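In the numbering used here, the protein residues as written are 223 to 705.
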Amino acid sequence: MVSLFSMRVPLLLVLLHAVFGSAYRWFNWQYEVTCEAEKFVTPSDEADVVEFLKNEFPKQSHIKVVGNGHGFGNLTTCVDQSLTNKTSYIVSLANLKSLEINKKNMTVTAGAGWDVYDLINVLKENGLSFNHLGAERVQNFVGALSTGTHGTGRYVDNMASQVVALRIVDARGNVKIINEWNNPEELKAFRVSIGALGLITEVTFKVQPTYLLKKTTTVLNATTNYTQLYTDIHDLYKKHDRVTVWGPHFDWDSEAQDWVIEPTFFASYWEPTNYTGVRNCTLNYCANGCGECIKNYICYDEVSDATSAPPQGVCSREFYAEIEHFWPFENFMDVAINYTKFQQSQTPRMRGFDNQEMIFQYRILKGDDSYMSPVNTYNLGPQNSGVFGVLEIDWIQSVNNYTTLWNNQGFAFEFMDKFGYEYNARAHWNKMSPYDPKFTLSAFPKLPEFLKIQEQQDPNCQFVNDFLVNQLGIDRCKEAIGQ
Ligand SMILES: Cc1cc2nc3c(=O)[nH]c(=O)nc-3n(C[C@H](O)[C@H](O)[C@H](O)COP(=O)(O)OP(=O)(O)OC[C@H]3O[C@@H](n4cnc5c(N)ncnc54)[C@H](O)[C@@H]3O)c2cc1C
C-alpha cells in the first residue's frame, strides 16, 4: 500500500521546486522531448554569456543552448539532473536582440535572440528579403540555421549557407569571431553546428532587396500506380526550379484499418516576378489547416510570404511524427517508389492507434559545403548534380496521445536503416535521425574535422547531450554525460 507519507514527499519536492525555482523542466514544441535542468538561464547580453560560461567551466556544468524547441528529435534535450552530479542548465539567448542593417554590403547582423518571424518582419519594413526560409517561421533564427533549416528550390540553398560571419562563445568563455574573410574554412564547420560548438551570440547573413514571387498552386490526381504518380511529380521538377509537392495524401480508414489514398493532392511552384499589384499570398496561407489548399490558384507576394507561413498561418497543431530525408536528386524515382512501398509494409503495425492522415511532401534543395549540412556535397560522385531531393512523411494523429506518437516515431526511425546507404540519404538533424555514427561519418565526411573543432570549443564535454554523443560518435564525452 502507498503510504500517505510516500505520496507527500514527491508532492513536497514539486512544491519546493515551484517556490524556490530549484529546477526547470524543458519541453519541446509538442511536449515529447523533455528533461529536467537545474535552471533556465537567460543572459542579458554577450558579456553575461561570457561570465556565465567562465564560471561554469571549472565546474564542468552541462549546458544546453536552445532556440524555440521546434524539432522532432532529441537535439535540445539537456543532461537530466537526475543522471548527473554536476549542474545542468538550459540556456536561451532570447534577450540578445541587437540588430544592424548594412545596405551597402547587403548584410544584416542580428543577436541570437531574434525569432525568424520578427526578424523577417524587420527586413520587410526595410525593403529587404531573405530567400531561404523553411515552410514555417516559428523558429529562433540561430536555432533554425544551426540544423540546416531550408525551403525549396534547385538554386536555393539552406538558411545557414547565407551566414558570412558569427560570434560564438566557447566553454572557457572565450569569444571567437568566425567569418568568410579571416577563417573561411572554419566557417564551414560553424554554419550548421547543431549546438555542439558553443553559444552563438550573433550572426551576419546575406539579404537582398525586396524579392517578389508568383506562386502557382495546381491540383494533381493521385493514383496507386506509383511509377505513374512519381513520373508525373518528377516531371514537375523538370519544368520548374522551385517546387513543393504536397502529396500524395492518405487518410486512415478506421474500419479497414488501412491508409486510403486521397484522389487529389497539390503542388506549388514559384517564379520571380516584377508584379506591382496587391500582394495576396497571405489571403490563403494553405498551411496546417489555414486556407483551402486543394484548388488551383495564383498569388503574388514578397518571398517570405509567398513561400513560408507565419504563426498566424498555422491553424491546427495535432501531435505528429515526421521524417525528413535528403538524397541526391538523381535518386528521385527509386526513393519515391521504395519509401512509399516501405511505408506500406509498416501499416499493419499502425492498426489500433489513433492515426488520421499521412502526408508525403517533396522538395528540392541546392547542395553546399558546410561540414554538417545535411545537403553537404562532399561524398557525391561525378554522376551527381549537387542538387538534393527532400522527402518528408508526416503522420498526423486524430487524438494527441503519446502512444500513437511514439509508435509512429518508431516507424520514422526505420527508414534510415533501410535506405541510408542505398540512396546516400541524410536525415534532418531535428527530425527523427537514428543514432549511427558509422553512417554519420559516411554521409558527413568532414565529421572528423568537425569533432576536432568540437573538442577545442568544448574540452570538458559541457555542450553535448545523448543525441550528439551517440549520433556523432563523440566517445571521449560518454563518461561526462553519464553513459
Ligand atoms: C512544425 C514544424 C515545421 C518545420 N518546418 C521546417 C521546414 O520547412 N524546413 C526545415 O528545414 N525544417 C523545418 N522544421 C525544423 C526546424 O526548422 C528546426 O528543427 C529548427 O532547428 C528549429 O529551430 P528552433 O529555434 O526551434 O531550434 P531548437 O530546436 O531549439 O534548436 C536547434 C539546434 O540549435 C541549437 N541552438 C539554438 N540556439 C543556439 C545558439 N544561440 N547557439 C548555438 N546553438 C544554438 C540547439 O542547441 C539545437 O542543437 C520544422 C519544425 C516544425 C516543428
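Ideal placement from N, C-alpha and C gives every residue a C-beta, glycine not left out. Treat the numbers as computed from the prediction; the structure is a model and nothing was measured.
Neighbourhood of residue i by C-beta distance below 7 Å, restricted to the same chain and skipping five residues each side
{"i": "alanine 240", "result": "With a pLDDT of only 48 at alanine 240, under 50, the local geometry of the prediction cannot be trusted, and no value is derived from it."}
{"i": "proline 656", "result": "Phe635, Met638, Asp639"}
{"i": "phenylalanine 728", "result": "Any answer about residue 728 is impossible in this case: the structure gives the chain only from 223 up to 705."}
6 Å Cβ shell around residue i - same chain, five flanking residues per side excluded
{"i": "threonine 466", "result": "Thr374, Ser490, Arg585"}
{"i": "glutamine 583", "result": "Trp468, Glu614"}
{"i": "isoleucine 618", "result": "Glu540, Tyr542, Gln578, Glu579"}
{"i": "alanine 334", "result": "Leu315, Leu318, Val364, Ile422, Thr423"}
{"i": "glycine 695", "result": "Pro659"}
{"i": "leucine 321", "result": "Ala332"}
{"i": "aspartate 379", "result": "Lys588, Asp590"}
{"i": "cysteine 508", "result": "Cys515"}
{"i": "aspartate 337", "result": "Asn362"}
Residue interval of the alpha helix (DSSP H) (run including residue i)
{"i": "leucine 587", "result": "First-last for leucine 587: 577 to 588, but that is the beta strand (DSSP E), not the alpha helix (DSSP H)."}
{"i": "isoleucine 559", "result": "554 to 568"}
{"i": "valine 338", "result": "338 to 347"}
{"i": "threonine 529", "result": "525 to 529"}
{"i": "isoleucine 483", "result": "Careful: isoleucine 483 lies outside any alpha helix (DSSP H), inside the beta strand (DSSP E) at 480 to 483."}
{"i": "glutamate 671", "result": "669 to 679"}
Start and end residues, beta strand (DSSP E) containing residue i
{"i": "tryptophan 549", "result": "542 to 550"}
{"i": "asparagine 324", "result": "321 to 324"}
{"i": "alanine 489", "result": "486 to 494"}
{"i": "aspartate 473", "result": "465 to 475"}
{"i": "aspartate 591", "result": "First-last for aspartate 591: undefined, no H or E at that position."}
{"i": "aspartate 688", "result": "No beta strand (DSSP E) contains aspartate 688, which is instead part of the alpha helix (DSSP H) from 688 to 694."}
{"i": "threonine 329", "result": "329 to 333"}
Cβ-based burial, residue i [other Cβ within 10 Å; buried from 16]
{"i": "leucine 275", "result": "buried"}
{"i": "asparagine 277", "result": "exposed"}
{"i": "methionine 580", "result": "buried"}
{"i": "alanine 634", "result": "buried"}
{"i": "proline 604", "result": "exposed"}
{"i": "tryptophan 651", "result": "buried"}
{"i": "leucine 505", "result": "exposed"}
{"i": "valine 500", "result": "exposed"}
{"i": "lysine 281", "result": "exposed"}
{"i": "serine 304", "result": "exposed"}
{"i": "asparagine 324", "result": "exposed"}
{"i": "methionine 328", "result": "exposed"}
{"i": "serine 595", "result": "buried"}
{"i": "valine 621", "result": "exposed"}
{"i": "valine 482", "result": "exposed"}
{"i": "threonine 426", "result": "buried"}
{"i": "cysteine 503", "result": "buried"}
{"i": "alanine 528", "result": "buried"}
Residues near residue i in its chain [Cβ-Cβ closer than 8 Å; skip 5 each side]
{"i": "phenylalanine 487", "result": "Val441, Leu442, Ala444, Val467, Trp468, Gly469, Pro470, His471, Ile516"}
{"i": "asparagine 496", "result": "Leu434"}
{"i": "phenylalanine 227", "result": "Model confidence at phenylalanine 227 stands at a pLDDT of 41, short of 50, so the residue's coordinates are unreliable; what they give is reported in the following sentence. Closer than 8 Å at the Cβ level, and outside the excluded window around phenylalanine 227, lies no residue."}
{"i": "phenylalanine 661", "result": "Met638, Gly642, Tyr643"}
heavy atom of ligand 1 below 7 Å from residue i C-beta
{"i": "glutamine 678", "result": "no"}
{"i": "glutamate 424", "result": "no"}
{"i": "glycine 511", "result": "no"}
{"i": "alanine 543", "result": "no"}
{"i": "isoleucine 696", "result": "no"}
{"i": "lysine 286", "result": "yes"}
{"i": "valine 364", "result": "yes"}
{"i": "asparagine 652", "result": "yes"}
{"i": "glycine 375", "result": "no"}
{"i": "leucine 315", "result": "yes"}
{"i": "isoleucine 416", "result": "yes"}
{"i": "tryptophan 251", "result": "yes"}
{"i": "glycine 356", "result": "yes"}
{"i": "alanine 393", "result": "no"}
{"i": "histidine 471", "result": "no"}
{"i": "alanine 334", "result": "yes"}
{"i": "histidine 547", "result": "no"}
Any non-hydrogen atom of ligand 3 closer than 7 Å to residue i Cβ
{"i": "isoleucine 615", "result": "Of the ligands this structure carries, namely ligand 1, none is ligand 3."}
Length-filtered (3 minimum) beta strand (DSSP E) runs lying within the stretch 367 to 449: 385 to 391, 397 to 401, 421 to 428, 434 to 443
* Only counting runs of 3 or more residues, tell me where the beta strand (DSSP E) segments fall wholly within the stretch 241 to 323, in order along the chain. => 246 to 249, 256 to 259, 261 to 263, 284 to 288, 310 to 314
Which ranges does the alpha helix (DSSP H) cover as unbroken runs of at least 4 residues, wholly within the stretch 594 to 664, from first to last along the chain? 624 to 645
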